[in-house]
Amino acid sequence: MNFEHHPLSDIQVLTSHKGHIPINTFSLLCRKLNSETLVKFAKTVWGWGHNESYQLGTQHNIAPEHTYDIITLRRKNIVKISGGSSFSMILTKSGALYSWGINDRCQLGFGTQPASIQVAKRIPFSLRKVIVDFACGAIYTLAGSVYVWGIDKQLPRKAEVLKGHKIVKVFCSTTANTSFAVTSEGNLLVWGEQLKEPVLQPIKNVVDVACSTRNGAIVLDSSGDVYTTKSGVLNKPVYTPIKEIQDEIVVQISSGLCIFALLTKRGRIFVNDGLVTKEIHIPDRVISISCGQIEVIAATHGGEVWSFSNVGGTKFLDEMTKKTTRPNPQKMKISGKAFSVGAGASHFFALCED
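The following block contains the structure:
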């Protein structure tokens with residue numbers, strides 16, 4: 001395998017048995033972004049879902065009945081948005097990091113006070129650091145190369161356990177407060193409250209990772225193959241390929257409470273509930289996906305946003321929702337053309353170019 005220059009943008013492309021695939025490591029400095037979102041940043045943001053802790057950034061804690069134009073996030077040039085259980089964060093084009101929502105476990109990066117923040121506020125340490133990536137867990141956050149806060153750790157501090165490693169991608173799991181990091185060599189490291197030192201995982205050429213509370217971890221490699229582990233990630237995991245999509249090149253993965261979502265190069269969405277993998281049909285090519293606890297949202301090539309939650313029909317999912325999940329994707333009402341989506345546990349965002 002060899003790296004070569006992509007003719008349309010400053011992306012590193014890896015040649016493999018499956019062809020050319022952008023390495024989606026989300027780096028503003030190195031420009032290793034998916035070609036669909038390389039030069040795009042949001043002028044407007046639409047949100048919906050739970051808002052009891054101000055996690056939507058609407059200046060109040062009333063959940064909107066419909067999708068809502070979040071005025072406080074306009075013109076911040078947002079390139080990434082995500083959330084934890086009841087808080088949210090954005091990364092801007094200039095490398096600044098903002099947070100808002102509940103702060104009961106210091107997850108916003110401002111220490112113990114205030115108890116919550118109603119609108120996006122810049123995290124002080126990002127004034128002197130150019131942030132290239134971040135990830136939100138349930139009550140903690142990772143960012144940059146690599147700083148960690150939350151779970152009562154009051155202020156951002158460098159993750160000394162990763163000293164000596166060049167990190168290009170981070171991910172937080174809600175399971176056992178576990179964190180993942182992808183190195184520049186494509187190695188996968190995992191650490192958490194149960195681990196004093198990061199553990200190297202037995203898988204190579206990793207470009208992305210996600211973790212479901214119930215179903216272990218899912219890993220995307222540079223060839224577009226996806227692997228899962230059922231035996232956990234802390235001790236001696238065994239990674240096995242998802243056979244149902246071996247003819248597809250996967251370019252993005254996401255995880256929720258009990259589900260995984262996979263986006264392929266051809267714009268198809270597949271979901272896996274730990275037992276079965278099936279395709280969800282959206283009437284346009286999908287370019288971005290994100291999972292909440294039990295819901296998946298998607299942005300299409302035409303700028304539409306779709307949402308669905310009947311992702312497996314498992315008994316566990318039915319018990320969790322206590323209601324009938326939507327059997328078909330629902331088109332969300334927004335103005336503007338969406339190019340990316342992000343989700344917290346039960347709140348959701350769409351980034352729009354206009």
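Okay, so the sequence shown: first residue is 1 according to UniProt numbering, each after it adds one.
Backbone N, C-alpha and C define an ideal beta-carbon position, used for all residues, glycine too.
Rounded C-beta distance between residue i and residue j? I'm assuming under 8 Å.
{"i": "residue 339", "j": "residue 255", "result": "That pair is no contact at about 21 Å."}
{"i": "residue 178", "j": "residue 167", "result": "No, residue 178 and residue 167 are not in contact; Cβ-Cβ is about 16 Å, not under 8 Å."}
{"i": "residue 346", "j": "residue 49", "result": "5 Å"}
{"i": "residue 303", "j": "residue 337", "result": "3 Å"}
{"i": "residue 90", "j": "residue 120", "result": "6 Å"}
{"i": "residue 123", "j": "residue 97", "result": "5 Å"}
Per DSSP, residue i forms a beta bridge with which residues?
{"i": "residue 67", "result": "The partner list for residue 67 (beta bridge, DSSP) is empty, contrary to what the question assumes."}
{"i": "residue 279", "result": "270"}
{"i": "residue 347", "result": "49"}
{"i": "residue 122", "result": "98"}
{"i": "residue 186", "result": "Its beta-bridge partners do not exist; DSSP assigns none."}
{"i": "residue 241", "result": "227"}
{"i": "residue 117", "result": "101"}
{"i": "residue 54", "result": "The partner list for residue 54 (beta bridge, DSSP) is empty, contrary to what the question assumes."}
{"i": "residue 90", "result": "81 and 98"}
Only counting the same chain, and skipping five residues up and downstream in sequence, which positions put a Cβ closer than 6 Å to that of residue i?
{"i": "residue 130", "result": "95"}
{"i": "residue 76", "result": "92"}
{"i": "residue 341", "result": "288, 290, 297, 299 and 350"}
{"i": "residue 314", "result": "Confidence at residue 314 is low in this model, with a pLDDT of 44, below 50, so its placement is unreliable and no value can be given for it."}
{"i": "residue 239", "result": "203, 227 and 229"}
{"i": "residue 47", "result": "56, 68, 70 and 349"}
{"i": "residue 191", "result": "161, 179 and 198"}
{"i": "residue 214", "result": "258"}
Return yes when the Cβ of residue j is within less than 8 Å of the Cβ of residue i, no when it is not.
{"i": "residue 219", "j": "residue 261", "result": "no"}
{"i": "residue 209", "j": "residue 270", "result": "no"}
{"i": "residue 207", "j": "residue 187", "result": "no"}
{"i": "residue 249", "j": "residue 227", "result": "no"}
{"i": "residue 81", "j": "residue 88", "result": "yes"}
{"i": "residue 292", "j": "residue 85", "result": "no"}
{"i": "residue 147", "j": "residue 158", "result": "yes"}
{"i": "residue 99", "j": "residue 111", "result": "no"}
{"i": "residue 352", "j": "residue 45", "result": "yes"}
{"i": "residue 211", "j": "residue 150", "result": "no"}
{"i": "residue 266", "j": "residue 279", "result": "no"}
{"i": "residue 42", "j": "residue 51", "result": "no"}
{"i": "residue 237", "j": "residue 225", "result": "no"}
Should residue i go down as buried or exposed, given a rule of 16 or more other Cβ atoms within 10 Å for buried?
{"i": "residue 330", "result": "exposed"}
{"i": "residue 24", "result": "Low confidence applies to residue 24: its pLDDT is 31, below 50, so where it sits in the model is not reliable, and the reading given next is rough at best. Burial call: buried."}
{"i": "residue 281", "result": "exposed"}
{"i": "residue 272", "result": "buried"}
{"i": "residue 252", "result": "buried"}
{"i": "residue 165", "result": "buried"}
{"i": "residue 133", "result": "buried"}
{"i": "residue 264", "result": "buried"}
{"i": "residue 286", "result": "buried"}
{"i": "residue 71", "result": "exposed"}
{"i": "residue 247", "result": "exposed"}
{"i": "residue 335", "result": "exposed"}
{"i": "residue 275", "result": "exposed"}
{"i": "residue 103", "result": "buried"}
{"i": "residue 354", "result": "exposed"}
{"i": "residue 200", "result": "exposed"}
{"i": "residue 21", "result": "For residue 21, the pLDDT reaches just 32, beneath the cut-off of 50, and the residue's location in the model is therefore unreliable, leaving the point undetermined."}
{"i": "residue 114", "result": "exposed"}
{"i": "residue 169", "result": "buried"}
What residues in its chain sit with their C-beta under 7 Å from that of residue i, if we drop five residues either side in the sequence?
{"i": "residue 323", "result": "In this prediction, residue 323 scores a pLDDT of 46, lower than 50, which makes its location untrustworthy; the coordinate-derived value is nonetheless stated afterwards. None."}
{"i": "residue 59", "result": "72, 118 and 119"}
Excluding sequence positions up to five away, which residues of its chain have a Cβ less than 8 Å from the Cβ of residue i?
{"i": "residue 66", "result": "48 and 333"}
{"i": "residue 221", "result": "186, 203, 204, 205, 206, 207 and 227"}
{"i": "residue 53", "result": "61, 86, 87, 101, 102 and 116"}
{"i": "residue 156", "result": "109, 123, 125, 143, 147, 148 and 149"}
{"i": "residue 284", "result": "267, 300, 301, 302 and 304"}
{"i": "residue 74", "result": "43, 44 and 45"}
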